[in-house]
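A.B. asks: The structure is given below, and queries will be raised subsequently.
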Ligand SMILES: [Mg+2]
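Below is the structure:
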């Protein structure tokens, strides 16, 4: 079997709100076609126009290759070997960040293809399942332009998530810092009040996580507020500091009685090694597409397991990325939860409509997918409707 074509779709929801902290408004979806008629699907969570440019660029030298040119003509079953060829062939401009996230979409599509070609779900080909089902947590983004509305909306979402069958949820309690929601800029104590109200609404047995989205620029200052969250029994606190302040992360790990989670923006195992070894992060959060695809995500799970750390993947795109996350989690020895935004509880039309057949939660868990590959079906109609066109 040979790869005959690589297509990258740039997708956008009909009304983009650039002031929202919501990357589910755009998408880069790739299709890898073969001479046997099989097609693999992948996606990645980064600037979709830039991903398309990296895929379609012509090659100019051995370390400045275009990704499509690397793949066309190759055997799609050579997943790991192709990862190396893509990584090495783009080293001049890639190696981290965007370059790796573009590889991630393609690697995901190659695993989907491999599964379809061999008639097996990806988790089987990645080494087999280490858990019988994958446990999702609901990722909750509040609304409201005042602190009171924000707090009420988040508490309501917690109750809805519980009623929906979730055993765990993550609160985006981001009231200060660069990603504060809806232009809010509240005193630091407000974060404690909001989380306390949600704990009250959730009851004692529900698992709660909190994402403060890089709220603080100083670890000692962050610690003062985070200490006050300790009695609220949180599973983790996500990204309290700027992600490049790895010494600050290590300081919080040493002084706080709550696990620290980070890694949603990281690419490659090399960045995760820094995060875990220097930053002492307790919970690593690879996003399968961004991090370099299933090939690289699996390596990160293994590195984390070697260090006794947990994996709880980031995922804020469509049913494509969710499926990749679930296949990865099934094979990981150390993944208690995956991030999961049910179509029923989300705002993004892309999230709701792009994938016509996707993995679903049943009785609080996502059963192991049985279909070949990622086990999802794209809606061709949605692919057409959400396609970005110049000047639209
Ligand atoms: Mg986050």
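Numbering (this note's numbering), first residue to last: 322 to 713. All residues carry an ideal CB built from backbone N, CA and C; glycine is no exception. Since the structure is predicted, the reported quantities are computational estimates derived from the model, not experimental observations.
Just the Cα atoms here: how many angstroms apart are residue 468 and residue 335?
C.D. replies: The residue you call residue 468 lines up with position 147 of the chain shown. The residue you call residue 335 lines up with position 14 of the chain shown. So the two alpha carbons sit approximately 29 Å from each other.
A.B. asks: Let me know the alpha helix (DSSP H) ranges lying completely inside the segment 617–699, each 4 residues or longer, listed in chain order.
C.D. replies: 640–652 and 670–674
A.B. asks: Examine ligand 1 and report whether any of its heavy atoms sits within less than 7 Å of the Cβ of residue 326.
C.D. replies: Within the chain shown, residue 326 is the residue found at index 5, counting from 1. No, since every heavy atom of ligand 1 falls outside the 7 Å radius drawn around the Cβ of residue 326.
A.B. asks: By the 10 Å Cβ neighbour count, where 16 or more other Cβ atoms means buried, how is residue 414 classified, buried or exposed?
C.D. replies: Translated into positions along the chain shown, residue 414 becomes position 93. Answer is exposed; the Cβ neighbour count stays below 16.
A.B. asks: Residue 672 and residue 662 look like a contact to me (Cβ under 8 Å); what is the Cβ gap, rounded to whole Å?
C.D. replies: Your numbering for residue 672 matches position 351 in the chain shown. Your numbering for residue 662 matches position 341 in the chain shown. So it is a contact: roughly 6 Å between Cβ atoms.
A.B. asks: Quick one: residues in its chain with C-beta nearer than 7 Å to the C-beta of residue 385, no 5 flanking neighbours on either side, listed in chain order?
C.D. replies: As a working note, residue 385 is residue 64 in the chain shown. Result list for residue 385: 413 and 414, in chain order.
A.B. asks: Ligand 1 and residue 559: does the residue's C-beta get closer than 7 Å to at least one heavy atom of that ligand?
C.D. replies: For this step, residue 559 is matched to residue 238 along the chain shown. Checking the Cβ of residue 559 against ligand 1 gives yes.
A.B. asks: Within this structure, are the beta carbons of residue 523 and residue 479 separated by less than 8 Å?
C.D. replies: As a first step, residue 523 must be located in the chain shown, where it is residue number 202. As a first step, residue 479 must be located in the chain shown, where it is residue number 158. Yes, these two residues count as a Cβ contact at 8 Å.
A.B. asks: By DSSP, does residue 707 sit in helix, in strand, or in coil?
C.D. replies: Taking the chain shown and counting its residues from 1, one reaches residue 707 at position 386. Coil at residue 707, not helix or strand.
A.B. asks: Given this structure, state the Cα-to-Cα distance separating residue 350 from residue 592, to the nearest angstrom.
C.D. replies: As a first step, residue 350 is located in the chain shown; it is residue number 29 there, counting from the start. As a first step, residue 592 is located in the chain shown; it is residue number 271 there, counting from the start. Distance between the alpha carbons of residue 350 and residue 592: 24 Å.
A.B. asks: Do you know whose CA, among 549, 489 and 533, lies nearest residue 525's CA?
C.D. replies: Working through the chain shown from its first residue, we reach residue 525 at position 204. When the alpha-carbon of residue 525 is set against those of 549, 489 and 533, the nearest one is in 489.
A.B. asks: Look up residue 361 in the DSSP assignment and give the residues it is bridged to.
C.D. replies: Along the chain shown, one-based indexing puts residue 361 at 40. Bridge partners of residue 361: 353.
A.B. asks: Mind checking residue 602: buried by the 16 CB within 10 Å criterion, or exposed?
C.D. replies: As a first step, residue 602 is located in the chain shown; it is residue number 281 there, counting from the start. Classification of residue 602: buried, given that the 10 Å Cβ count is 16 or more.
A.B. asks: From 472, 554, 590 and 598, pick the residue whose C-alpha is nearest to that of residue 608; which is it?
C.D. replies: Counting from 1 along the chain shown, the entry for residue 608 is found at position 287. Ranking 472, 554, 590 and 598 by Cα distance to residue 608 puts 590 first.
A.B. asks: Looking at ligand 1, does it come within less than 7 Å of residue 575, judged from the CB to the closest heavy atom?
C.D. replies: Residue mapping note: residue 575 aligns to position 254 of the chain shown, counting from 1. No; taking the cut-off as 7 Å, the Cβ of residue 575 has no heavy atom of ligand 1 nearer than that.
A.B. asks: Tell whether a beta-carbon distance below 8 Å holds between residue 431 and residue 400.
C.D. replies: Locating residue 431 in the chain shown gives position 110, where the first residue counts as 1. Locating residue 400 in the chain shown gives position 79, where the first residue counts as 1. Yes, Cβ-Cβ distance for residue 431 and residue 400 is below 8 Å.
A.B. asks: Can you pull the DSSP bridge partners for residue 559?
C.D. replies: Here residue 559 is taken as the residue at index 238 of the chain shown, counted from 1. DSSP output for residue 559 lists 532 and 582 as bridge partner(s).
A.B. asks: From residue 425 to residue 402, what distance separates their C-alpha atoms?
C.D. replies: Position 104 of the chain shown, counting from 1, holds the residue named residue 425. Position 81 of the chain shown, counting from 1, holds the residue named residue 402. Note on geometry: alpha-carbon atoms of residue 425 and residue 402 lie some 14 Å from one another.
A.B. asks: Round the Cβ separation of residue 708 and residue 330 to the nearest angstrom and send it over; I've been treating them as touching at under 8 Å.
C.D. replies: Locating residue 708 in the chain shown gives position 387, where the first residue counts as 1. Locating residue 330 in the chain shown gives position 9, where the first residue counts as 1. About 6 Å separates the two Cβ atoms, so the contact holds.
A.B. asks: Sorted by chain position, which residues of the same chain lie with C-beta nearer than 6 Å to residue 404's C-beta, five sequence neighbours on each side aside?
C.D. replies: As a working mapping, residue 404 is identified with position 83 in the chain shown. Closer than 6 Å at Cβ, skipping near neighbours: 428 and 616.
A.B. asks: When you compare only the Cα positions, how much space is there between residue 710 and residue 365?
C.D. replies: On the chain shown, residue 710 is found 389 positions in, with the first residue counted as 1. On the chain shown, residue 365 is found 44 positions in, with the first residue counted as 1. About 19 Å.
A.B. asks: For my contact list, residue 457 and residue 475 are in at a C-beta cut-off of 8 Å; report their separation, rounded to the angstrom.
C.D. replies: In the chain shown, residue 457 corresponds to position 136, counting from 1. In the chain shown, residue 475 corresponds to position 154, counting from 1. That belief does not hold up - the Cβ atoms of residue 457 and residue 475 are roughly 19 Å apart, past 8 Å.
A.B. asks: Give me the Cα-Cα distance between residue 564 and residue 637, rounded to the nearest whole angstrom.
C.D. replies: Indexing the chain shown from 1 puts residue 564 at position 243. Indexing the chain shown from 1 puts residue 637 at position 316. Between residue 564 and residue 637, the C-alpha separation is close to 18 Å.
A.B. asks: Rounded to whole angstroms, what's the CA-CA distance from residue 606 to residue 507? Just pull it up for me.
C.D. replies: Reading the chain shown from its first residue, position 285 is the one you call residue 606. Reading the chain shown from its first residue, position 186 is the one you call residue 507. Cα to Cα, the separation comes out at about 27 Å.
A.B. asks: From residue 491 to residue 360, what distance separates their C-alpha atoms?
C.D. replies: By one-based count along the chain shown, residue 491 stands at place 170. By one-based count along the chain shown, residue 360 stands at place 39. Approximately 35 Å, taken between the alpha carbons.
A.B. asks: Given a cut-off of 8 Å, decide if residue 531 and residue 555 are closer than it, judged by their beta-carbon atoms.
C.D. replies: Counting from 1 along the chain shown, the entry for residue 555 is found at position 234. Counting from 1 along the chain shown, the entry for residue 531 is found at position 210. For the pair residue 555 and residue 531, the CB atoms are nearer than the 8 Å cut-off.
A.B. asks: Under a three-way DSSP split, which group does residue 502 fall into?
C.D. replies: Taking the chain shown and counting its residues from 1, the one referred to as residue 502 is at position 181. Reduced to three states, the DSSP call for residue 502 is helix.
A.B. asks: Hey, residue 423 and residue 388 are a contact pair by Cβ (cut 8 Å); roughly how many whole angstroms apart?
C.D. replies: Position 102 of the chain shown, counting from 1, holds the residue named residue 423. Position 67 of the chain shown, counting from 1, holds the residue named residue 388. 6 Å between Cβ atoms; contact.
A.B. asks: Looking only at C-alpha atoms, which of 587, 594, 604 and 407 sits nearest to residue 558?
C.D. replies: Your numbering for residue 558 matches position 237 in the chain shown. The residue with the shortest Cα to Cα distance from residue 558 is 604.
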